[in-house]
Amino acid sequence: MKLKQIPEDFIVKEIANVSFSTGKHAYCLLRKKEWNTMDAVREIANALKIDYRKASYAGIKDKKAVTEQHVSFEGVSKEQIEKVKIKDIELVFLGCSNERMNNELLVGNGFKITLRGLEKEIRIEPKLIPNYFDEQRFGTNARNHNAGKAIVKREFAKACELMDIRIENEPIASLMKKRDLLVLCFNAYQSYLFNCALAEYVKKHASNAVEVKYNAGIMVFGDFSNVKNIALPLVHFDTEYENDEIKHIYEKVLHDEEIRLSDFLIRQLPNLIQSSPSRMAFVAVKDFSIGTLEEDELNIGKKKQVISFSLPKGSYGTVVVKALEIQ
-17 MKLKQIPEDF IVKEIANVSF STGKHAYCLL RKKEWNTMDA VREIANALKI DYRKASYAGI
43 KDKKAVTEQH VSFEGVSKEQ IEKVKIKDIE LVFLGCSNER MNNELLVGNG FKITLRGLEK
103 EIRIEPKLIP NYFDEQRFGT NARNHNAGKA IVKREFAKAC ELMDIRIENE PIASLMKKRD
163 LLVLCFNAYQ SYLFNCALAE YVKKHASNAV EVKYNAGIMV FGDFSNVKNI ALPLVHFDTE
223 YENDEIKHIY EKVLHDEEIR LSDFLIRQLP NLIQSSPSRM AFVAVKDFSI GTLEEDELNI
283 GKKKQVISFS LPKGSYGTVV VKALEIQ
């Protein structure tokens, strides 16, 4: 099975609950391909001649994909937005609001994915998947979470190297100038630890467990129809565990990483002091449909098939594909 041979093979449309009236935040649909969200929004902010911090979005969408998401820009008019012309980026003005775009307004994402290089027809309809973070979260060569680990271990020069940040004077000062990237890498490490804990939970409870490699480690899939769906924390210095089982799983993960919860309190980097969110172990796959098996024009002699579905916010369509691959 081949995924994302061309951007059009992976189409993602954000589902958000946004209402418009009047206000200083102008909302747009950002349609893009071959751009990651951060770089696209930064380029748009430059074109609008505004500070990047006046732009807001709720999630980071894939680069090698065709994606659509909501973005707000503070203090910008419809006319200014309509003048922005950037290759492979389209902005559609939606309206204005007093509230900037944020994660609370995000409902989920709809996916339309072309699976290529198939030998046989896909017939399985997944109802539930483990709620892993996937490779996009961890970046090229899994640099993001490794940089996050270096931050937690106070190896600031190493973190700068992994994040491609030029050190000026002190590493800590250089990191603080790249707040968005700093938070992204810190969160990527939390996500990596969550994945490790979830893999242990699935391995312990699911039948017919199967390990699948990804760029940051191992995911475990299996038959978890009778496994209890619980919330797992994204660990921080003040994390409280839901039960002893989850506590013991995380204690093992942190021991293997040579990390303690107290390490997550980094007083030199106050921007990283945030709430301790949780994430469900499993999520439902809704509105799943499978297209007919067709000839694959990019892989002669093979077949292709289109699947579509929706997931809650923060869940990864590529994990659905991984679940299909092992069936």
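Count the sequence shown with my numbering and you get residues -17 to 309, in order. From the three backbone atoms N, C-alpha and C, an ideal C-beta is built for every residue, glycine too. From a predicted model like this one, the values you see are computed outputs, not experimental measurements.
What three-state label does DSSP hand Ile289 in the structure shown?
strand
Just to confirm, are Ser260 and Asp220 a CB contact at a threshold of 8 Å?
No, they are not a contact pair.
Round the Cβ separation of Ile26 and Gly57 to the nearest angstrom and send it over; I've been treating them as touching at under 8 Å.
Not confirmed; about 14 Å, so no contact.
Residues in the same chain with beta-carbon distance under 7 Å from Leu163, minus the five sequence neighbours each way, listed in chain order, please.
Within the same chain, Leu163 has close Cβ partners Met145.
Going by beta-carbon coordinates alone, are Ala263 and Ile212 separated by less than 8 Å?
yes
Three-way DSSP call (helix, strand, coil) for Phe138 in this model
helix
Determine the closest residue to Glu277 out of Lys210, Leu306, Asp116, Arg98, with distance taken between C-alpha atoms.
Checked all of Lys210, Leu306, Asp116, Arg98; the closest Cα to Glu277 is Arg98.
Following the continuous alpha helix (DSSP H) through Asp205, name the residue where it begins and the one where it ends.
Note, Asp205: premise wrong, no alpha helix (DSSP H); beta strand (DSSP E) at 199 to 205.
Thinking C-beta only, is Val194 closer than 8 Å to Ile308?
Cβ distance < 8 Å, so Ile308 and Val194 count as in contact.
Does the Cβ of Phe2 have 16 or more other Cβ atoms within 10 Å, making it buried, or fewer, making it exposed?
exposed
Other residues of its chain near Leu65: CB distance less than 6 Å, five sequence neighbours each side excluded:
Note on identity: in this sequence residue 65 is Lys, with Leu being the wrong assignment. Cβ neighbours of Lys65 beyond the five flanking positions: none.
Does Lys229 come out as helix, strand or coil in the three-state DSSP assignment?
helix
For Ser3, the three-state DSSP class (helix, strand or coil)
coil
Limits of the beta strand (DSSP E) - the one that Lys268 falls within:
268 to 272
Using a Cβ-Cβ cut-off of 8 Å (strictly less than) and excluding sequence neighbours within five positions of Ile133, which residues of its own chain qualify?
Ala141, Leu157, Leu164, Cys167, Phe168, Tyr171, Ile248, Leu251, Leu254
Residues in its own chain within less than 8 Å of Ile234 by CB, not counting five upstream and five downstream?
Note on residue identity: the sequence assigns Lys, not Ile, to residue 234. If we look at Lys234 and ignore the five residues flanking it on each side, its Cβ neighbours are Glu182.
Kindly identify the DSSP beta-bridge partner or partners of Asn91.
Paired residues: Glu(-4), Leu293.
Alpha carbons only, please: which of Phe203, Ser54, Lys67, Ile241 is nearest the one belonging to Val192?
Phe203
Residue of Val265, Val53, Gly41 minimising C-alpha distance to Cys10:
Val53
Considering only the alpha carbon of each residue, which of Met201, Val48, Arg82 lies closest to Val301?
Met201
Proximity of Ile68 and Ala37 at Cβ, strictly below 8 Å:
no
Buried versus exposed, by CB contacts within 10 Å (16 or more), His127:
buried
Straight-line CA distance for Glu107 to Gly121?
29 Å
Confirm, please, whether the CB-CB distance from Val267 to Leu243 is below 8 Å.
no
What residue from Leu280, Tyr196, Leu216 has the CA that sits closest to Val303's CA?
Tyr196
Please classify Glu193: does DSSP put it in a helix, a strand, or coil?
strand
Considering only residues of the same chain and omitting the five flanking positions on each side of Thr96, which have a CB-CB separation below 7 Å?
Asp(-9), Lys286, Val288
Sort out for me which residues DSSP pairs Tyr39 with in a bridge.
Bridge partners of Tyr39: Val53.
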